[in-house]
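Undergrad: This is the structure I have questions about; it appears just below.
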Amino acid sequence: MSQHSGELLVHTSPFSSARLTTPRLMLEVNLVLVPIIIASTWYFGYGALLVVAAATLGAVFIEWFFGPRGRNGARGGALHDGSAVLTGLLLGLTLPPGTPLWIAFVGGVVAIGLGKLAFGGLGGNMFNPALVGRAFLQAAFPTIMTTWNPQGGAAQWTKLRGSPFAAPLFSSDVDAITTATPLARMKFDGDIEGIWNLLVGNVPGSLGETSAILLILCGLWMGVRRLFDWRVPLAVLFSVALFSGLFHVISPANYPNPLVMLTSGGLLFGAVFMATDPATSPTAPRGAFIFGIGIGLLVVLIRLFGGLPEGVMYAILLMNAAVPLLERVTQPRVFGR
Amino acid sequence: MSLLGSRSFRHGVHPEEHKDQTAHLVVERMRFVPRYELLLSQHGGKPSRSIVKPGQRVVRGQMIAEADGFVSTSLHSPVTGTVGKLEMCRHPNGRLVPMIEIESDPYSPQTWSDPITTDPASLNNDEFVQFIQSKGIVGMGGAAFPAHVKYKVPEGKKLEKLILNGCECEPYLTCDHRVMVEWAKAVVRGAAILADALDVPEIHVGIEKNKPDAVEAMKAAAKDDPRFRIVALTVKYPQGAEKMLIKALLDVEVPAGKLPFEVGALVNNIGTMAAIADAFDLGRPLVERVVTVAGPGVERPANLLVPIGTPVREVFAACGGLGSETREVIMGGPMMGQPMIALEAPVLKGTSGLLAFSESQAGITAEYTCLKCGRCVESCPAFLNPSKLARLAKTKRYPEMEESYVMDCMECGSCSYACPSNIPIVQLIRVAKSSLRDAQRKEKK
Chain A
457 MSQHSGELLV HTSPFSSARL TTPRLMLEVN LVLVPIIIAS TWYFGYGALL
507 VVAAATLGAV FIEWFFGPRG RNGARGGALH DGSAVLTGLL LGLTLPPGTP
557 LWIAFVGGVV AIGLGKLAFG GLGGNMFNPA LVGRAFLQAA FPTIMTTWNP
607 QGGAAQWTKL RGSPFAAPLF SSDVDAITTA TPLARMKFDG DIEGIWNLLV
657 GNVPGSLGET SAILLILCGL WMGVRRLFDW RVPLAVLFSV ALFSGLFHVI
707 SPANYPNPLV MLTSGGLLFG AVFMATDPAT SPTAPRGAFI FGIGIGLLVV
757 LIRLFGGLPE GVMYAILLMN AAVPLLERVT QPRVFGR
Chain B
170 MSLLGSRSFR HGVHPEEHKD QTAHLVVERM RFVPRYELLL SQHGGKPSRS
220 IVKPGQRVVR GQMIAEADGF VSTSLHSPVT GTVGKLEMCR HPNGRLVPMI
270 EIESDPYSPQ TWSDPITTDP ASLNNDEFVQ FIQSKGIVGM GGAAFPAHVK
320 YKVPEGKKLE KLILNGCECE PYLTCDHRVM VEWAKAVVRG AAILADALDV
370 PEIHVGIEKN KPDAVEAMKA AAKDDPRFRI VALTVKYPQG AEKMLIKALL
420 DVEVPAGKLP FEVGALVNNI GTMAAIADAF DLGRPLVERV VTVAGPGVER
470 PANLLVPIGT PVREVFAACG GLGSETREVI MGGPMMGQPM IALEAPVLKG
520 TSGLLAFSES QAGITAEYTC LKCGRCVESC PAFLNPSKLA RLAKTKRYPE
570 MEESYVMDCM ECGSCSYACP SNIPIVQLIR VAKSSLRDAQ RKEKK
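Taken in order, these protein sequences are the chains called A and B. Just so you know, this note's numbering puts 534 at position 78 of the first sequence, and the rest follows in order with no gaps. Just so you know, this note's numbering puts 261 at position 92 of the second sequence, and the rest follows in order with no gaps.
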């Protein structure tokens with residue numbers, strides 16, 4: 457038996473809080489990306505690791521340099537929340553296998569610097585930072601961002617693709633064998649990739665986007681762990697299936713079947729990891745559905761009628777811009793009003 | 170109503186219950202202590218007015234302060250003894266309020282005199298209301314609003330449903346649970362008296378599913394009265410909030426800014442019913458209540474029948490004292506309770522729990538920036554946008570908050586609970602609401 461003495465702490469209710477904290481949330485999502493990084497290394501060689509690391513390094517560097525200061529004014533006060541690492545990993549996984557490392561690094565710097573910090577930091581940004589970084593690279597280095605190196609298996613994982621060590625601003629000699637993504641072949645040659653290859657990821661493409669099965673599993677896991685708002689990815693996929701299905705029914709010869717649309721390109725990666733970024737997606741449930749359906753519709757329109765073979769990045773960025781409006785018009789009815 | 174057929178309201182959160190610590194513990198009567206401190210502000214509304222003088226001898230249950238106006242109630246001595254000092258004392262909320270000190274008589278057996286029964290049927294509505302007021306009965310759920318005020322039915326309004334709140338959705342607390350298990354008959358009797366007096370045809374009792382023994386006990390006690398309907402509800406916070414409970418039981422929404430009267434309902438805590446039964450059948454005023462003493466910092470958790478006015482320090486002492494790790498003491502539940510500044514304040518009529526936590530258990534965590542993840546939006550039972558309200562509050566844009574219906578917030582704290590960035594959303598809202606109310610008051614003047 458002990459008698460308590462001394463000062464009592466006083467803070468305001470509630471005196472209980474859910475276990476999930478922001479750093480924990482970021483850590484869990486970062487961990488979900490680990491199998492995807494392993495898969496991309498399997499298909500694209502150890503160069504994949506270097507590209508992802510370079511993008512992450514760029515993101516972390518700029519967060520450390522320009523980001524919020526910690527106690528005593530030390531740099532990198534917000535690094536421990538894990539959001540800069542997440543943005544870097546996500547950006548790295550959307551890059552082509554042969555991206556020169558300095559370009560991946562610049563992408564990371566732009567993603568955090570322009571995509572996040574310029575808007576006031578975590579939660580203040582309007583556009584998905586990783587996609588801002590990627591859009592910048594796509595505009596600045598269009599050739600590199602559309603040069604695809606072929607995938608391979610275990611036998612080739614020690615083989616470097618492209619020229620990752622190219623010196624900054626020197627044009628690299630593109631001597632490696634390149635190929636086209638399933639979406640590009642579909643658009644420009646009318647070839648349809650086999651569904652099995654799309655499911656396991658045995659196709660050319662950006663580092664993290666190729667294996668549909670893996671991405672679906674990651675999405676399910678994140679849904680079970682409640683790491684994201686499940687409405688967004690579900691609405692995106694539903695909308696792509698619906699609209700591409702519509703075109704396919706009208707003219708099967710001209711438009712691919714919805715299953716190919718769903719499993720090819722960056723759609724699953726975008727639906728699971730990019731569109732679900734909490735800061736740049738709506739908080740209201742109805743808004744989340746409309747946001748997802750809008751993304752799906754834009755993806756179908758860009759892929760089938762636009763000049764580019766792939767449209768996930770622009771679809772998400774465009775819908776990001778619509779979020780403030782969606783938030784305003786989709787607020788639920790207040791209880792008793 | 171949820172898809173699974175279990176009745177509830179929409180949104181809300183699922184905090185860890187922590188009820189096994191005390192749910193099985195039979196209510197024990199706490200021993201009498203030498204000194205009691207009876208605050209004149211026990212309840213919402215106007216404080217009571219003292220009618221005793223220092224040195225005056227009082228017996229257990231004697232009125233020592235009377236109601237000051239209609240929205241006020243009376244106060245009675247919990248023990249036989251003498252009136253000590255009349256002075257200012259700390260309310261658990263930190264304010265200084267007038268207090269009557271009672272020194273208990275160490276030689277008194279502290280027994281009740283013979284019961285005096287009152288036949289409720291002999292009273293008309295005004296007399297019934299007056300009787301409840303004279304017995305000092307308040308809502309026992311925590312807010313401690315004078316009970317009789319709700320029983321004065323406005324002209325032209327008819328009450329259709331009496332609702333008994335046995336949800337006890339706050340974690341740790343089990344006092345209502347024990348009252349239903351052990352005193353189901355008194356609860357049913359009190360509810361029947363009230364339903365007779367107000368001519369209410371239906372009595373709905375809402376109890377969360379995690380108390381199956383309470384559901385059974387209440388069913389058994391009410392089996393001969395066809396007016397009762399005992400319903401097991403989904404375990405979800407804040408199921409016990411008045412409007413959420415009405416939604417769960419009757420599937421109607423009380424209009425914003427209105428009282429349950431609006432939909433013909435009257436909500437009462439089950440403890441209040443037991444107090445009414447005691448008042449009519451035994452003539453006893455409200456001088457004691459069941460308090461759950463729990464939390465990791467308590468040596469011997471218990472459900473204690475505590476005389477109102479017992480110093481909190483004595484209550485913990487009766488439970489083996491506080492562990493040396495204890496850094497925070499809460500009066501009430503962990504979701505809506507009040508942190509205590511010191512252990513000197515006394516138990517009030519609305520004290521449902523006394524909880525002791527160590528520093529790491531009290532939910533003090535570093536704050537991060539808002540991710541706009543929407544977890545608060547999905548938890549808010551009033552369907553507000555707490556994320557937006559918190560953002561506006563941080564720059565003191567209170568009028569804009571009012572346009573976003575901040576005044577409809579009942580401060581249940583679900584948003585703060587759910588927030589992964591640990592933003593004190595509900596506290597920001599409380600400050601905004603009180604500032605808005607001040608502004609309104611100034612405008613009126």
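Here a beta-carbon is modelled for each residue, glycine too, at the ideal position from N, C-alpha and C.
Along the segment 475-498 of chain A, where does the CB come closer than 8 Å to a CB of chain B? Name the residues.
TA: Those residues of the segment 475-498 of chain A that come within reach of chain B (Cβ to Cβ, closer than 8 Å) are L476, T477, T478, P479, R480, L481.
Undergrad: When the cut-off is 7 Å and only beta carbons count, does P247 (chain B) lie next to chain A?
TA: no
Undergrad: Compare the C-beta of S177 (chain B) against all C-beta atoms of chain A and say whether one is closer than 7 Å.
TA: For S177 (chain B), the answer is no, since every Cβ of chain A falls outside 7 Å of its Cβ.
Undergrad: Would T520 (chain B) and M500 (chain B) be called neighbours here (beta carbons separated by less than 7 Å)?
TA: yes
Undergrad: Should I654 (chain A) be labelled buried (16 or more other beta-carbon atoms within 10 Å of its own) or exposed?
TA: Looking at the sequence provided, one finds Leu at residue 654 (chain A) rather than Ile. Buried, since its Cβ has 16 or more Cβ neighbours within 10 Å.
Undergrad: What whole-angstrom Cβ distance do L452 (chain A) and S662 (chain A) have, given they're in contact under 8 Å?
TA: Because chain A is modelled from 457 through 793, residue 452 (chain A) falls outside the range shown and cannot be assessed.
Undergrad: With DSSP as the reference, identify every bridge partner of Q507 (chain B), one or two as the case may be.
TA: Per DSSP, B:M500.
Undergrad: Tell me which residues share the same chain as E270 (chain B) and place their Cβ nearer than 8 Å to its Cβ, disregarding the 5 neighbours each side in the sequence.
TA: R204, Y205, E206, L207, V252, G253, K254, L255, E256
Undergrad: Here's a check: name, in chain order, each residue in its chain whose Cβ is nearer than 6 Å to the Cβ of G250 (chain B), leaving out the five neighbours to either side.
TA: I271, E272, S273, D274
Undergrad: Give the interface partners of T534 (chain B) over in chain A, defined as CB-CB distance under 8 Å, in chain order.
TA: S473, T477
Undergrad: Taking DSSP as the reference, what is the three-state secondary structure of N496 (chain A)?
TA: Here residue 496 (chain A) is Ser; the residue named in the question, Asn, does not match the sequence. Residue state, collapsed to three classes: helix.
Undergrad: Please list the residues of the segment 580-602 of chain B that have a C-beta atom closer than 9 Å to any C-beta atom in chain A, keeping them in chain order.
TA: E580, C581, G582, S583, S585, Y586, A587, C588, P589, S590, N591, P593, V595, Q596, R599
Undergrad: Quick one: using the 10 Å Cβ neighbour count with 16 as the cut-off for buried, is H467 (chain A) buried or exposed?
TA: exposed
Undergrad: Under 8 Å: do the segment 332-352 of chain B and the segment 423-441 of chain B share three or more Cβ pairs, one atom per stretch?
TA: yes
Undergrad: Are any of the Cβ atoms in chain B nearer than 7 Å to that of S469 (chain A)?
TA: yes
Undergrad: Just the chain A side, please: which residues come within less than 8 Å of F430 (chain B) by C-beta, in chain order?
TA: Listed along chain A, no residue sits closer than 8 Å to F430 (chain B) by beta-carbon distance, the nearest being about 13 Å off.
Undergrad: Figure out for me which residue from B:K613, B:S573, B:V600, B:A551 has the closest Cα to the Cα of C584 (chain B).
TA: B:A551
Undergrad: So F526 (chain B) contacts chain A; which residues on that side make the cut at Cβ distance below 7 Å?
TA: F471
Undergrad: Tell me, please, which residues DSSP counts as bridged to S273 (chain B).
TA: As computed with DSSP, S273 (chain B) is found in a beta bridge with B:G250.
Undergrad: In whole angstroms, what separates the C-alpha of A192 (chain B) from that of A383 (chain B)?
TA: 11 Å
Undergrad: Go ahead and label D607 (chain B) buried or exposed: buried means 16 or more other beta carbons lie within 10 angstroms of its beta carbon, across all protein chains shown.
TA: exposed
Undergrad: Any idea what DSSP makes of R544 (chain B), helix, strand or coil?
TA: helix
Undergrad: Please tell me whether R641 (chain A) has its Cβ less than 7 Å away from any Cβ of chain B.
TA: no
Undergrad: Measuring CB to CB, does L524 (chain B) end up less than 7 Å from A463 (chain B)?
TA: Yes.
Undergrad: Could you tell me the boundaries of the beta strand (DSSP E) in which G335 (chain B) lies?
TA: In the DSSP annotation of this structure, the continuous segment of the beta strand (DSSP E) that includes G335 (chain B) starts and ends at 330-335.
Undergrad: Whose Cβ in chain A lies nearer than 7 Å to the Cβ of T538 (chain B)?
TA: G577, L578, G579
Undergrad: Spatial neighbours of L451 (chain B) within its chain, please: CB distance less than 6 Å, with the 5 preceding and 5 following residues excluded, ordered by chain position.
TA: Within the same chain, and ignoring the five residues on either side of L451 (chain B) in sequence, the residues whose Cβ sits closer than 6 Å to its Cβ are P284.
Undergrad: Could you name each continuous alpha helix (DSSP H) segment of 4 residues or more that falls completely within the segment 572-609 of chain B, going from the start of the chain to the end?
TA: 583-587
Undergrad: Who pairs with C258 (chain B) in a beta bridge, going by DSSP?
TA: C258 (chain B) pairs with B:V266.
Undergrad: Which residue marks the beginning of the alpha helix (DSSP H) containing G748 (chain A), and which one marks its end?
TA: 741-761 is the extent of the alpha helix (DSSP H) around G748 (chain A).
Undergrad: How would you call Y502 (chain A), buried or exposed, if buried means at least 16 neighbouring beta carbons within 10 angstroms?
TA: exposed
Undergrad: Could you tell me the alpha carbon to alpha carbon distance between A601 (chain B) and L573 (chain A), rounded to whole angstroms?
TA: 29 Å
Undergrad: Does DSSP put A562 (chain B) in a helix, in a strand, or in coil?
TA: Note: A562 (chain B) maps to helix in three-state DSSP.
Undergrad: Name, please, each residue of chain A whose Cβ falls closer than 9 Å to the Cβ of G556 (chain B).
TA: Residue identity differs from the one stated: residue 556 (chain B) is Ser in this sequence, not Gly. Chain A residues near S556 (chain B): T739.
Undergrad: With 7 Å set as the bound, which would you pick, yes or no: does the beta-carbon of K405 (chain B) sit closer than that to a beta-carbon of chain A?
TA: no
Undergrad: Going by Cα to Cα distance, which pick from A:F597, A:Y711, A:L465, A:G726 is closest to R759 (chain A)?
TA: A:Y711
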